[in-house]
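Numbers 21 to 464, taken from the numbering used here, label the letters of the sequence shown in order.
Yeah, the Cβ is synthetic: ideal placement off N, Cα and C, and Gly gets one too.
Okay, structure first, notes after.
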Amino acid sequence: MGVLLRGWRERALLTQEQLAERAGLNVRTVRRLENSGLWQPRTTSILLLAKALELNRAERAMLNSAVRGGPAERDDPAVAGPPPVTVPRQLPADVAALAGRERELAIVEGHRSAGTVPVVCVSGMAGAGKTALAVHAAHRLAPLFPDGQLYVDLHGHATAPVEPGAALARVLRTLGVPAEHIPGFLDDRAALYRSVLAGRKVLIVLDDAADEYQIQPLLPAGRGCRVIVTSRRRLTCPGDARNLPLDVLPVAEAVALFARSAGPERVAGAPAGELAEVVRRCGLLPLAIRIAAARLRARPAWGVPQLLDRLAGDRLAELSAGRHSVAAALDPSYERLPAEQRRAYRLLGSFAGTDFDLATAAALLGTTAGRASRLLDHLLDAHLVQEPVLGRYRLHDLVRDHAAALFRAAQSGVPPGRPWVQRAVPLTTVPSCPPVEPGTTVLV
Ligand SMILES: Nc1ncnc2c1ncn2[C@@H]1O[C@H](COP(=O)(O)OP(=O)(O)OP(=O)(O)O)[C@@H](O)[C@H]1O
Ligand SMILES: [Mg+2]
C-alpha cells in the first residue's frame with residue numbers, strides 16, 4: 021500500500037504535505053500510510069486519498085485490495101467512488117425586488133480573497149434584511165458556480181440551533197455521499213466535506229449562524245467556492261473574511277419597500293411626509309415595514325393616517341401580522357443572552373433619553389465603567405446596542421421599546437424569561453377576555 025500511495029502521489033506531483041492538505045487529512049496519517057504497510061487505515065481516509073489522488077476505478081480497486089490484503093468488494097466506497105449527484109440548487113426564492121442595498125451587494129459580490137476561499141459575514145439586528153440580501157446576492161452570483169449552490173439554515177436564534185455535525189451530514193448527503201459513508205466524528209465529516217468540494221465551484225450560504233463554532237466546520241478550503249454567512253451576531257470570521265454590518269434602510273428605500281409591499285393603490289395620494297413618518301415609526305427596519313404594509317393591506321377600511329395613529333401607540337403590539345412579529349423576532353436575541361447581559365438590556369430599556377455615554381450606562385447598570393463597557397461590547401456584538409459615534413450609545417427605537425417592556429415586566433414582578441406573557445396589549449384586542457378589575461394581570 022505504501023509503495024502504491026507514494027507512486028500515485030509522485031505521479032500527481034504532490035508532496036506529502038500537499039496531499040494531506042488536499043485530502044483534508046493530517047500529514048502524519050499520510051506519512052504513516054506510505055511508510056508502514058502494516059498500519060490499518062480507516063475507510064474514510066482511503067476514500068479521501070483516492071479522491072485527492074484522482075485515482076481511477078481500477079486504481080481504487082488496487083488500493084483497496086492492498087489495504088485489505090484481499091480482493092476489493094464492489095460496494096466499497098473507496099472502490100466505487102462517489103455516486104452520481106444532481107447539482108444542488110438550494111437557494112430559497114429571491115425577494116421580488118430588493119429595496120436599496122446597492123453598496124452592500126457590491127461588497128458581497130465583489131469580495132475577493134487572495135489564496136483562500138472568499139467569505140463574507142453579514143451581521144445585523146433581527147429583521148434588518150440579512151437573509152434577503154444574502155439570498156439575492158447568491159442568486160446573482162449563481163451562474164459563476166456551475167457545481168451548485170448550497171443553502172444551510174443554521175437556525176442560530178431558534179431554541180435549538182443546528183449542530184454543525186448534523187448540518188455537515190445533511191450537506192454531505194446532498195453532495196451525493198451515502199448516509200452509511202458519513203463518518204461519525206465532526207472533524208472527519210468536515211474533512212470529507214472539504215474533500216468532496218475540492219476542485220468544485222460551489223456557492224454556500226450559511227444563514228442565521230449562532231456563532232463561529234457553528235460555521236467553522238462548514239467552510240470549504242477550495243478556492244473555487246465562495247461563502248456568504250449571515251448572523252445576528254458580529255462574528256469573528258476566519259482569515260481575511262469580510263465583515264459586513266447591515267444597518268436599517270435609508271428613508272427613501274424604506275418608503276419604496278413600504279409602498280411596494282402595501283400595494284400602490286393603498287398608498288396612492290398619501291403625502292410623501294406621511295409615508296416617511298410611517299417608515300420612521302417602523303424604525304426603518306425592513307421586517308417592521310413589511311408587517312406594517314401587511315396590516316394596511318389587510319384592512320381595506322384603513323388609510324395611511326389610521327396606520328400612523330396605530331403606530332403612535334404601542335408599536336410592538338401593532339407590528340404583528342399572522343406569524344410575523346417584530347417582538348417575536350427580538351425575543352430570541354434577548355433570550356440567548358447570559359443572565360447578566362439580559363439584566364443590562366432591560367435596564368438600558370429604562371433610560372428615558374435616546375443616546376447615552378459610558379458614565380450614564382454605568383449608573384443605569386449600577387456598576388463600574390469597566391464592567392459597563394464590557395457589557396455594552398457584548399450587546400453591541402449582538403446588535404442590540406448601537407454606537408453611532410465613538411463613546412455614544414443608543415438602542416434602535418424598536419429595540420428600546422422591547423427592552424422597556426421587559427424592564428416594566430421585571431419591575432411588576434412577572435417572572436423573567438417568559439416575555440411573551442408580559443407584553444401589554446389593550447384588552448379590547450383579546451376577544452374572549454372577561455371583565456377584570458383595573459390592575460389585574462391577565463396572561464394570554
Ligand atoms: N432590502 C429589502 N428589500 C425588500 N425586502 C426586504 C429587504 N430587506 C428585507 N426585506 C424583507 O424584510 C423581511 C425581513 O428580512 P430578513 O428575513 O432578510 O431579515 P433578517 O435580517 O434575515 O432577520 P433574522 O435576523 O430574523 O434572520 C423579509 O420579508 C424580507 O424579504
Ligand atoms: Mg434571516
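Are the CB atoms of residue i and residue j nearer to each other than 8 Å?
i, j, result
"Leu223", "Leu161", "yes"
"Asp228", "His175", "yes"
"Val140", "Leu264", "yes"
"Leu418", "Arg335", "yes"
"Leu357", "Val346", "no"
"Arg243", "Val137", "yes"
"Leu111", "His177", "no"
"Val197", "Leu212", "yes"
"Arg412", "Asp375", "yes"
"Ala308", "Gly149", "no"
"Arg220", "Asp173", "no"
"Leu328", "Glu297", "yes"
"Met82", "Leu24", "yes"
"Ser393", "Leu378", "yes"
"Asp260", "Ser143", "no"
"Ala389", "Ala382", "yes"
"Arg300", "Met145", "no"
"Pro108", "Leu164", "no"
"Ala402", "Leu368", "no"
Taking 7 Å as the cut-off, does the CB of residue i come closer than this to any heavy atom belonging to ligand 1?
i, result
"Gly144", "yes"
"Leu316", "no"
"Arg121", "yes"
"Ala148", "yes"
"Val125", "At residue 125 the sequence reads Leu, which differs from the Val that was named. False, no ligand heavy atom lies under 7 Å from that Cβ."
"Pro306", "yes"
"Leu378", "no"
"Ala349", "yes"
"Val50", "no"
"Val465", "Residue 465 is absent from the structure shown; the chain starts at 21 and stops at 464."
"Arg412", "no"
"Arg286", "no"
"Arg252", "yes"
"Arg310", "yes"
"Leu277", "yes"
"Leu118", "yes"
Only counting the same chain, and skipping five residues up and downstream in sequence, which positions put a Cβ closer than 7 Å to that of residue i?
i, result
"Lys408", "In the sequence as presented, Lys is not what sits at residue 408; that position holds Pro. Hits under 7 Å: Arg414."
"Leu33", "none"
"Ala157", "Leu125, Val128, Glu129 and Ile248"
"Leu399", "Gln361, Ala364, Tyr365 and Val405"
"Gly185", "Leu206 and Arg209"
"Thr75", "Residue identity check: residue 75 is Leu in the sequence provided, not Thr. These residues qualify, in order along the chain: Trp28 and Leu83."
To which residues of the same chain is residue i closer than 8 Å at the C-beta, ignoring the five residues directly before and after it?
i, result
"Gln36", "Arg29, Val47, Val50, Arg51 and Glu54"
"Thr256", "Glu232"
"Leu304", "Val268, Leu269, Pro270, Val271 and Ala274"
"Val216", "Lys71, Pro102, Leu192, Leu195, Gly196 and Val197"
"Ala189", "Ala199, Ile202 and Arg209"
"Arg343", "none"
"Pro104", "Confidence at Pro104 is low in this model, with a pLDDT of 48, below 50, so its placement is unreliable and the value that follows should be read with caution. The answer, listed in chain order, is Gly196."
Apart from the five residues on each side of it in sequence, which residues of its chain come closer than 6 Å, Cβ to Cβ, to residue i?
i, result
"Ala282", "Ala313, Leu316 and Arg317"
"Ala364", "Leu385 and Leu395"
"Val287", "Ala279"
"Pro439", "Model confidence at Pro439 stands at a pLDDT of 42, short of 50, so the residue's coordinates are unreliable; what they give is reported in the following sentence. Answer for Pro439: Asp351 and Leu426, listed in chain order."
"Ala152", "Val115"
"Glu294", "Val324"
"Pro436", "In this prediction, Pro436 has a pLDDT of 44, which is less than 50 and means its spatial position is unreliable; nothing more can be read from the coordinates."
"Arg246", "Pro138 and Leu223"
"Leu73", "Trp28 and Ala32"
If you measure from the CB of residue i, is any heavy atom of ligand 4 nearer than 7 Å?
i, result
"Arg428", "Looking at this structure, you won't find ligand 4 anywhere; what it does contain is ligand 1 and ligand 2."
Handout entry: Within 7 Å of ligand 2: residues by beta-carbon to any heavy atom
Key = Residues close to ligand 2 by the beta carbon criterion (under 7 Å to any non-hydrogen atom) are, from first to last along the chain, Lys150, Thr151, Asp227, Asp228 and Thr250.
Practice task
Entirely within the stretch 183 to 220 and at least 4 residues each: give me those alpha helix (DSSP H) ranges in chain order.
Solution key: Complete alpha helix (DSSP H) runs here, min 4: 184 to 194 and 206 to 217.
Handout entry: In chain order, each beta strand (DSSP E) run of at least 3 residues that lies wholly inside the stretch 339 to 421
Key = Every unbroken stretch of the beta strand (DSSP E) spanning 3 or more residues and falling wholly within the stretch 339 to 421 is given here in chain order: 406 to 409 and 412 to 414.
Problem - Every unbroken beta strand (DSSP E) within the stretch 213 to 281, with a cutoff of 3 residues, ordered by chain - result: For the stretch 213 to 281, whole beta strand (DSSP E) runs of length 3 or above, ordered along the chain, are 223 to 227, 246 to 251 and 262 to 265.
Practice task
Give, in chain order, every unbroken run of the alpha helix (DSSP H) that is at least 4 residues long and sits entirely within the stretch 42 to 77.
Solution key: Listed in chain order, the complete alpha helix (DSSP H) runs (minimum 4 residues) inside the stretch 42 to 77 are 47 to 55 and 63 to 72.
Handout entry: Start-end ranges of the alpha helix (DSSP H) lying completely within the stretch 128 to 189, minimum 4 residues
Key = Fully enclosed alpha helix (DSSP H) runs of 4 or longer: 150 to 161.
Problem - Residue ranges of each alpha helix (DSSP H) within the stretch 271 to 336, 4 or longer - result: Qualifying alpha helix (DSSP H) stretches, in chain order: 271 to 282, 284 to 287, 292 to 301, 306 to 318 and 324 to 332.
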